[in-house]
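Take the sequence shown: its position 17, counted from the start at 1, is 877 in my numbering, and no numbers get skipped. Presented below is the structure to which this report refers.
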Amino acid sequence: TRSTRPQRLLTHVKQRARRGDAQSVITTIDDYCRAREWAMNVGDEKGSILDQVVCEVSPDVALELGTYCGYSSVRIARLLPPGARLLTVEFNHDYATIAREVIDWAGLQDRVQLLEGASGDLIPQLRQKHGIETLDFIFLDHWKDRYLPDTRLLEDCSLLRRGTVLLADNVICPGTPDYLEYVRSSPRYQSQYFSSHLEYTRAEDGLEKSVFLG
Ligand SMILES: O=C(NC/C=C/[C@H]1O[C@@H](n2cnc(C(F)(F)F)c2)[C@H](O)[C@@H]1O)c1cc([N+](=O)[O-])cc(O)c1O
Ligand SMILES: [Mg+2]
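Structure representation (structure tokens):
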């Protein structure tokens, strides 16, 4: 049977990116997705905004919802200070398998813990099972109709603290209207929109950065 897009992307990374060199993995994926076949990675344009926010926050504990092929896991983890860690959640076993190999190829396996399962199941386990007190940074890039319920769940599980930064991909395309309405109208968040473009295209998209006020 024909290979999947994530499998073809991994093959390309192993053929073209230097092992242990996170930047070459990022560049290889972006070149492939721009030149050969589009994939739903956050990409280079929105990715540099992600980089900027991660550097500002310099999180000890970061959470990513929606690993896919591991592109943004690599972007985030390469910027983490020593001892800091990224937990990334992926629902699809095949994607998780590809992502682990991409993260390993980038040499970042010691800073990234990939959890397979549904956010609704895994978020309530973060404290007990993964020793998380509160989260410093959250990147939301999974199913767009899950951004709001999962944010409410993070609140209810007391995993947010004053200053926790949530950064959401795709708030314009495909769009996350209920999430955007919530973080922009809630007195518990200070929200800011970063205008950009949908990965590898000229379509409008952007990231919403929301600081939890406690
Ligand atoms: O649909 C998009 N993304 C959906 C992304 C979905 C990814 O998140 C995983 N997930 C599901 N639940 C969880 C968790 F963590 F909850 F368990 C993780 C899914 O298995 C998938 O790998 C998308 C679409 C476009 N586009 O242009 O169509 C552009 C983009 O940047 C996108 O992110
Ligand atoms: Mg996305």
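Beta carbons are placed, not taken as given, at the ideal position from N, Cα and C, and that holds for glycine.
- Listed in chain order, the alpha helix (DSSP H) runs fully inside the region 952 to 1021 are 953 to 965, 979 to 982, 986 to 990, 1007 to 1016, counting runs of at least 4 residues.
- For Ser1045, the uninterrupted alpha helix (DSSP H) run begins and ends at 1037 to 1045, by DSSP.
- A straight line joining the alpha-carbon of Glu1015 with that of Thr861 spans about 44 Å.
- Excluding residues up to 5 positions away in sequence, Leu946, Leu968, Arg971, Val972 lie with their Cβ nearer than 6 Å to the Cβ of Ala937 in the same chain.
- In terms of side-chain proximity, the C-beta atom of Asp970 is found no nearer than 7 Å to any non-hydrogen atom of ligand 1.
- Residue pairing from DSSP places Val1025 in a beta bridge opposite Phe997, Val1071.
- In the three-state reduction of the DSSP assignment, Thr927 falls in the coil class.
- Asp890 has its CB no nearer than 7 Å to any heavy atom of ligand 2.
- Taking non-hydrogen atoms of ligand 1 into account, the C-beta of Ala944 is found less than 7 Å away from none of them.
- Per the Cβ contact rule, the region 924 to 934 is in contact with the region 902 to 916 (3 or more Cβ pairs under 8 Å).
- The region 955 to 969 makes contact with the region 861 to 872, as at least three CB pairs between them are under 8 Å.
- Environment of ligand 1, chain-ordered: Met900, Val902, Leu925, Gly926, Thr927, Tyr928, Val949, Glu950, Phe951, Asn952, Tyr955, Gly977, Ala978, Ser979, Leu982, Asp1001, His1002, Trp1003, Lys1004, Arg1006, Asp1010, Asp1029, Asn1030, Cys1033, Pro1034, Leu1058, Glu1059, taking every residue with Cβ within less than 7 Å of a heavy atom.
- In this chain, Tyr1049 is not harboured by any alpha helix (DSSP H); it is covered by the beta strand (DSSP E) spanning 1049 to 1057.
- In its own chain, leaving out the 5 sequence neighbours on each side, no residue places its CB closer than 7 Å to the CB of Asn952.
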